[in-house]
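Trainee: Have a look at the structure that comes next, please.
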Amino acid sequence: MFKQTIETSAAPHITITECLGNLVVRGSEERQITARLQGEADDLVLEREGETITMVAHTGCHLTCPPDTTLTVGTVRGNLRVESVTAPVTIRTVHGNVILRAVGPSALEQTFGNLRVHEVRGDLQAQTTKGNAQVRQVEGSLSMNQVDGNLAADGLRGGLAVEQVRGNVRLRALFSSGHSYRLSANGNLMAYIPADASLRLALRARGGVRSSVPGLALEEDDGEMRGTLGAAEASLEAQVGGSISLRAWEAGEGPQVEGMSFDYMADLEGLGVQIEAHIAEAMAEMEERLEESLGRIDGEQIRLQMERAKEQALRTAGRAAERARREAEREAERARLRAERAERRWQRASGRRSRPKREPIADEERMRVLRMVEEGKITPEQAADLLAALEGR
524 MFKQTIETSA
534 APHITITECL
544 GNLVVRGSEE
554 RQITARLQGE
564 ADDLVLEREG
574 ETITMVAHTG
584 CHLTCPPDTT
594 LTVGTVRGNL
604 RVESVTAPVT
614 IRTVHGNVIL
624 RAVGPSALEQ
634 TFGNLRVHEV
644 RGDLQAQTTK
654 GNAQVRQVEG
664 SLSMNQVDGN
674 LAADGLRGGL
684 AVEQVRGNVR
694 LRALFSSGHS
704 YRLSANGNLM
714 AYIPADASLR
724 LALRARGGVR
734 SSVPGLALEE
744 DDGEMRGTLG
754 AAEASLEAQV
764 GGSISLRAWE
774 AGEGPQVEGM
784 SFDYMADLEG
794 LGVQIEAHIA
804 EAMAEMEERL
814 EESLGRIDGE
824 QIRLQMERAK
834 EQALRTAGRA
844 AERARREAER
854 EAERARLRAE
864 RAERRWQRAS
874 GRRSRPKREP
884 IADEERMRVL
894 RMVEEGKITP
904 EQAADLLAAL
914 EGR
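Here you go:
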């Protein structure tokens, strides 16, 4: 494991061009940047120009930096977690899962795994998410172009614009005055509406719309279900391929979703972060012990082990060849017996006398045929036919 620390200001700009493993970035109150890699010094390429740091990690990397660091991430081949970085975060492509927790305004272009976000102090933009998305407590607006899995959004204070969700959607927003909430999904929508919401609704659902929100009356107009609550200072527009279910909830209440509340899922997420940190520490310690153990291994011992493995392989190959030879002999004998039985049946049916027996083939010729089988030149069946031909049958 390699570690490098550099002193910096309270608000540097870090650009991680590429990370070939998992990447973890955490904000720390210390005015320094510390990079820990699972590999060696050559696995980290770091350039600095003033307060701008550019990095390339050829293996998994754990990075700590000041909270006000402006973070730009290019490509991550594994998973990405960013925590307690309150300045803007920009992410291009992550091939694994993404976790953002207590971060500033964030923009994410493409995630091939799942996306989990908890507490964004500003807007959140996520263009393409190939897995599921779980978003909680976004102070600004949430904008998503495509989610190939399911979407669970909780505690949204700003607006919402989701172009396409291929799965289901669970939505709990504050529906703040002056904001619009628009989404389109192939599956179902379950939306939780605050008791004091001032909201205008326009909903289209192939599977119908059901509501248990007090005071909400829905009317159909040209295939669209419309209704209002209060002064209609915010708007909810949804178009789904499944059904829409509207439920009421009180401020501070965690609505139950399939037996699990949003708050309980948040507790699980926090527990997962702690477990992941403990696993990372244990893996680092195990790696150091493994390196020490490998350093003590005697080269002569390795050579002897390789020789024993080679001898074992040769013995195995020899046994296989012997089995093939014996099988060829058995197959030749079975073919001879089949030929004799067939000849006797033919004689009885035709009334002809048996032909005088020919001299058996020499042992040298039989062994030559068997060696051809052992060398893989002919199959046991071909050997049987050849022996029968040599005997004149």
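Quick note: the sequence shown uses the working numbering, first residue 524, plus one each step. Idealized CB from N, CA, C, for every residue including glycine.
1. Whose C-beta lies closer than 7 Å to the C-beta of Thr582 among residues of the same chain, with five residues either side of it excluded?
2. First and last residue of the beta strand (DSSP E) that includes Ser980?
3. What residue does the beta strand (DSSP E) around Ser523 start on, and which one ends it?
4. In angstroms with no decimal places, state the Cα-to-Cα distance between Val732 and Gln648.
5. Go ahead and label His801 buried or exposed: buried means 16 or more other beta carbons lie within 10 angstroms of its beta carbon, across all protein chains shown.
6. How would you write the range of the beta strand (DSSP E) that Pro717 sits in, first residue to last?
7. Going residue by residue through the segment 731 to 769, where are the continuous beta strand (DSSP E) segments of at least 3 residues, counting only ones entirely within it?
8. May I ask which residues mark the beginning and end of the beta strand (DSSP E) holding Arg689?
9. What's the gap between the Cα of Arg615 and the Cα of Asn668?
10. Report the three-state DSSP secondary structure of Met578 (helix, strand or coil).
11. How far does the beta strand (DSSP E) with Thr587 in it extend, from its first residue to its last?
12. With a cut-off of 8 Å on the beta carbons, I'd call Leu638 and Val626 a contact; round off their distance for me.
13. Please report the residue range of the beta strand (DSSP E) in which Lys526 lies.
14. Do Gly765 and Gly710 have their C-beta atoms closer together than 8 Å?
15. Would you give the residue range spanned by the beta strand (DSSP E) that Ala676 belongs to?
16. Tell me, please, whether the segment 733 to 742 touches the segment 700 to 710 by the rule of three or more beta-carbon pairs shorter than 8 Å.
17. Identify whether Thr651 lies in helix, strand or coil by the three-state DSSP scheme.
18. Which residues in the same chain as Glu760 place their Cβ atom closer than 6 Å to its Cβ, once the five residues preceding and following it in sequence are excluded?
19. Looking at the structure shown, is Gln660 part of a helix, part of a strand, or coil, going by DSSP?
20. Report all residues from its chain with a CB closer than 6 Å to the CB of Ala728; omit the five preceding and five following residues, and keep chain order.
21. Can you give the Cα-Cα distance for Asp745 and Ala708, rounded to whole angstroms?
22. Met524 to Thr839, Cα distance in whole Å?
23. Between the alpha carbons of Val605 and Arg644, how many angstroms are there, rounded?
24. Note down, in chain order, each residue of its chain lying with its Cβ closer than 8 Å to the Cβ of Thr609, except the 5 sequence neighbours on either side.
25. Taking the alpha carbon of Pro611 as the reference point, which residue from Leu594, Gly619, Val617 has its own alpha carbon closest?
26. Can you say whether Met890 is buried or exposed, counting buried as having 16 or more other CB atoms within 10 angstroms of its CB?
27. If I'm right that Glu773 touches Ala718 with Cβ under 8 Å, what's the distance once you round it to whole angstroms?
28. Determine the DSSP secondary structure at Leu543, reduced to helix, strand or coil.
29. By Cβ distance below 6 Å, which residues in the same chain neighbour Ala907 in space, the five residues on each side in sequence not counted?
Mentor: So, to answer that:
1. For the purposes of this step, residue 582 is identified with residue 59 of the sequence shown, where counting begins at 1. These residues qualify, in order along the chain: Leu543, Gly544, Leu560, Gln561, Gly562, Asp566.
2. Past the boundaries of the shown model lies residue 980; the chain is included only from 524 to 916, so the question cannot be answered.
3. In the structure as shown, the chain begins at 524 and stops at 916. Residue 523 is therefore absent and cannot be evaluated.
4. As a first step, residue 732 is located in the sequence shown; it is residue number 209 there, counting from the start. As a first step, residue 648 is located in the sequence shown; it is residue number 125 there, counting from the start. Distance between the alpha carbons of Val732 and Gln648: 29 Å.
5. What you label residue 801 is simply residue 278 of the sequence shown in a count that begins at 1. The predicted position of His801 is uncertain, since its pLDDT is 47 and thus under 50; no value can be drawn from it.
6. Stepping through the sequence shown from its first residue, residue 717 is reached at position 194. Element bounds for Pro717: 712 to 717.
7. 732 to 734, 742 to 744, 747 to 752, 757 to 763
8. Residue mapping note: residue 689 aligns to position 166 of the sequence shown, counting from 1. Segment: none, Arg689 is in no beta strand (DSSP E) and carries neither H nor E.
9. Looking up residue 615 in the sequence shown gives position 92. Looking up residue 668 in the sequence shown gives position 145. Each residue's Cα considered, the two are about 14 Å apart.
10. Translated into positions along the sequence shown, residue 578 becomes position 55. It is a strand residue.
11. In the sequence shown, residue 587 corresponds to position 64, counting from 1. It spans 584 to 588 - the beta strand (DSSP E) in which Thr587 sits, taken as one unbroken run.
12. As a working note, residue 638 is residue 115 in the sequence shown. As a working note, residue 626 is residue 103 in the sequence shown. Their Cβ separation, rounded to whole angstroms, is 13 Å, which puts Leu638 and Val626 out of contact at 8 Å.
13. Here the question's residue 526 lines up with position 3 in the sequence shown. It spans 525 to 530 - the beta strand (DSSP E) in which Lys526 sits, taken as one unbroken run.
14. Translated into positions along the sequence shown, residue 765 becomes position 242. Translated into positions along the sequence shown, residue 710 becomes position 187. In this structure, Gly710 lies closer than 8 Å to Gly765 by Cβ.
15. The residue you call residue 676 lines up with position 153 of the sequence shown. Where Ala676 is concerned, the enclosing beta strand (DSSP E) stretches over 674 to 679.
16. no
17. Locating residue 651 in the sequence shown gives position 128, where the first residue counts as 1. Note: Thr651 maps to strand in three-state DSSP.
18. For the purposes of this step, residue 760 is taken as the residue at position 237 of the sequence shown. Here the set comprises Arg705, Ala725.
19. As a working note, residue 660 is residue 137 in the sequence shown. Correct three-state label for Gln660: strand.
20. Within the sequence shown, numbered from 1, the residue matching residue 728 stands at position 205. If we look at Ala728 and ignore the five residues flanking it on each side, its Cβ neighbours are Val763, Ser766, Ile767.
21. To locate residue 745, count along the sequence shown from 1; it is residue 222. To locate residue 708, count along the sequence shown from 1; it is residue 185. Each residue's alpha carbon lies about 20 Å from the other.
22. Indexing the sequence shown from 1 puts residue 524 at position 1. Indexing the sequence shown from 1 puts residue 839 at position 316. Cα to Cα, Met524 sits roughly 41 Å from Thr839.
23. On the sequence shown, position 82 is the one that residue 605 refers to. On the sequence shown, position 121 is the one that residue 644 refers to. One C-alpha to the other measures close to 14 Å.
24. Reading the sequence shown from its first residue, position 86 is the one you call residue 609. Taken in chain order, the residues that qualify are Gly550, Pro590, Asp591, Ala625, Val626, Gly627, Arg644.
25. Here residue 611 corresponds to residue number 88 of the sequence shown, with the count starting at 1. Of Leu594, Gly619, Val617, the residue nearest in Cα terms is Leu594.
26. Position 367 of the sequence shown, counted from the first residue, corresponds to residue 890. Exposed, because fewer than 16 other Cβ atoms sit within 10 Å of the Cβ of Met890.
27. As a working mapping, residue 773 is identified with position 250 in the sequence shown. As a working mapping, residue 718 is identified with position 195 in the sequence shown. Rounded, the Cβ-Cβ distance is 6 Å, consistent with contact.
28. Along the sequence shown, one-based indexing puts residue 543 at 20. Leu543: coil per DSSP, three-state reduction.
29. The residue given as residue 907 occupies position 384 in the sequence shown. Within the same chain, Ala907 has close Cβ partners Glu854, Ala855, Ala858.
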